[in-house]
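These notes concern the structure reproduced below.
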Amino acid sequence: MPLTLYNTLTRQKEAFEPLHPPLVGLYLCGPTVYNDAHLGNARGPIVFDVLTRYLRHLGYQVRYVRNITDVGHLESDADTGEDKLEKAARAKQLEPMQVAQHYTVRYHQALAALGCLPPDIEPQASGHITEQIGLTQEILNKGLAYESAGSIYFDVNRYNAEGGQYGRLSGRVVEELLAGAGPRDLAGQDEKRSPVDFALWKKASPAHIMRWPSPWGEGFPGWHLECSAMSRKYLGASFDIHGGGLDLMFPHHECEIAQNEASATPSTGARFWLHNNMLTVNGQKMSKSLGNFITLSEFFQGSSAALSQAYSPMTLRFFFLQAQYRSPIDLSDDALQAARKGYRKLMNGLRLLDKLGEGLAGQDLTPEPAPTQPGPPSASQQLRNLAAKPLEFLSDDLNTPRALAALFDLLKRLNTLAANPTALADISPAALHEALTTYRTVVTDILGLRDEPRASAEELLALALGFYQEAKAGKAYDKVDQIRAALKEQGIVIKDTKTGVEWAYSEE
RNA sequence: GGUAACGUGACCGAGUGGCUAGGUAGAGGUCUGCAAAACCUCCUACGGCGGUUCGAAUCCGCCCGUUACCUCCA
């Protein structure tokens, strides 16, 4: 079953074929590291983590690039045009890169907890100023950008006049954008030939800390330039997939495409543009003013007023996977509790696999021949059919909710078989092996859900020590020796002292 | 104001012109020292009003509501 993905560029699902099989180039817009990531920020990385994992499962060799934006995103409400990062740095009396480093580390920690594999390349915007200046120069050379008051702007009208399709991705029309500008007063508009033009390079004001020399004086790159420059550098002018949140579709990705097309190597950049939908909380968008803005660390620690308790990273991952990535998803306590139980059920399934797999050792796993006579499918065949579903649904534009539903169907059958030896005997070893392998592969390798141990090792140890003391008091020395030996295997030694029983790590 | 989505049972969410998704919650049952898990059964919904159709939750129109983008944002 071929993988199809919904391409925003064409507004339809398309069969996915890499430009240069087996290689796949994937670019995802990464975080702006000027504060902690919130729950909504986690959706994209999780979605594209599953996509990467699935592509790899299909045998593709994926180069996954996700940038770190540590420069160049202007504060919308700051008429000084001050950089967000710089503002955060000033407030805390820190070096801007110190702020960026701090939040980058925290971002990595949160995503690792969420089971997201690290990208293969994680380029920083501040480390690619040369490339961004180069791209700006390319666009200038083609006459599709102009200098104004020390800044360089992309000339949208000229670009479109020469055949460009600014607005193609987001379905916008330049004239409507102009008409709809309405009451908003945007800073620096008078420097531009048209309000729809956007900055490739901005002149730094004297107060600006983050600044780099350029052919046009000291300044910093525009809001959209880094993704074009870095995707080109690491994936080529044309690559396979570009991802990001729906809110980045316009203007960010629209501008990226324009920059790519206006470069010396014209291309839309990615062939497939994928957009994940947003997260709402109790039916409302997440926002600071509404007080439902939850950072990932608040979520994991349970310190958010919007939620009654802490939820684990895997609960959040499962929660996101319950919705298709193009649908909005609503977060609430009830929804999270449901997700947590569903997730645990899936994990208990992993343990069931071990039990069912015990009997397979040494068995012939050659698939039985297809039935020669028409008739109702055999039990083995039925199991096979169930096991085929999860991957089928994933190949349909990454339909994770249907894949999960299919996994639960499979799990139900496996549970029934585990409780019913007679029925289990009717299943061929090959079919059983296939079902077990599929379940594990889809759950852990592709969906990236891993067992999150809840039991505390120390409490379990305390429990064991309690049994030890009871056995000792009852002079049940066989039992005592048994417990000692078992703990020894775990690297724990029990020490009887005058004041009671203690434990220590074995020093052997 | 402009643009684009969405509105599904108690909750979260798939689906989509006729064939009950799934998870969670609730009710009953099997199993069981207790409990849990598991399994079985039940709860059968698609914002409102019109229209198209043999048949619509699914297509069309209008209305209501929500969200996103238009401005940094996943």
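Anchor point for the first sequence: position 189 equals 189 in the UniProt record's numbering, and the numbering is continuous, going up by one each time.
We put the beta carbon where it would ideally sit given N, CA and C, even for glycine.
- When DSSP states are grouped into helix, strand and coil, Phe16 belongs to the coil group.
- Look at Tyr64 here: in three-state DSSP terms it is strand.
- The three-state reading of DSSP puts Pro221 in strand, counting E and B together.
- A Cβ-Cβ distance of about 5 Å is found for the pair Ala262 and Ile139, placing them in contact under the 8 Å criterion.
- For Tyr159, the closest of Asn260, Gln469, Pro18 by C-alpha to C-alpha distance is Asn260.
- In this structure, the beta-carbon distance from Leu447 to Val50 falls below 8 Å.
- If you look at Leu331, you'll find it in the beta strand (DSSP E) that goes 329-331.
- When the five nearest sequence neighbours on each side are left out, the beta carbons in the same chain lying within less than 8 Å of the beta carbon of Gly491 are those of Tyr505, Ser506, in order along the chain.
- For Thr136, DSSP records no beta bridge to any residue.
- Counting only the Cα atoms, Leu336 lies some 15 Å from Asn292.
- Per DSSP, the continuous beta strand (DSSP E) segment holding Ala145 begins and ends at 145-148.
- Short of 7 Å from the beta carbon of Ala387, and not among the five residues preceding or following it, lie these beta carbons of its own chain, in chain order: Leu410, Glu434, Ala435, Thr438.
- A straight line joining the alpha-carbon of Phe198 with that of Ala112 spans about 35 Å.
- The continuous stretches of beta strand (DSSP E) do not include Thr52, which lies in the alpha helix (DSSP H) extending over residues 39-57.
- Beta bridge pairing from DSSP links His275 with Gly244.
- Residue environment analysis places Ser170 among the buried positions, since at least 16 neighbouring C-beta atoms fall within 10 angstroms of its C-beta.
- With fewer than 16 other beta carbons inside 10 angstroms of its own, Arg454 counts as exposed.
- Rounded to whole angstroms, the gap between the alpha carbons of Lys285 and Leu279 is 7 Å.
- Between Glu226 and Tyr166 a beta carbon distance of about 19 Å is seen, past the 8 Å cut, so the two are scored as non-contacting.
- Under the three-pair Cβ rule at 8 Å, the region 359-367 counts as touching the region 422-434.
- Between Leu346 and Leu449, the C-beta spacing is below 8 Å.
- Residues Asn276, Leu279, Phe320 of the same chain have their beta carbon placed closer than 7 Å to that of Arg43, with the five preceding and five following residues left out of the count.
- The Cβ-Cβ distance between Leu274 and Gly243 falls below 8 Å.
- Within the same chain, Ile68, Asp70 come within 6 Å of Gln124 by CB-CB distance, once the 5 residues on both sides are set aside.
- Excluding five sequence positions before and after Asp445, the CB atoms of its chain that fall closer than 8 Å to its own CB belong to Arg53, His57, given in chain order.
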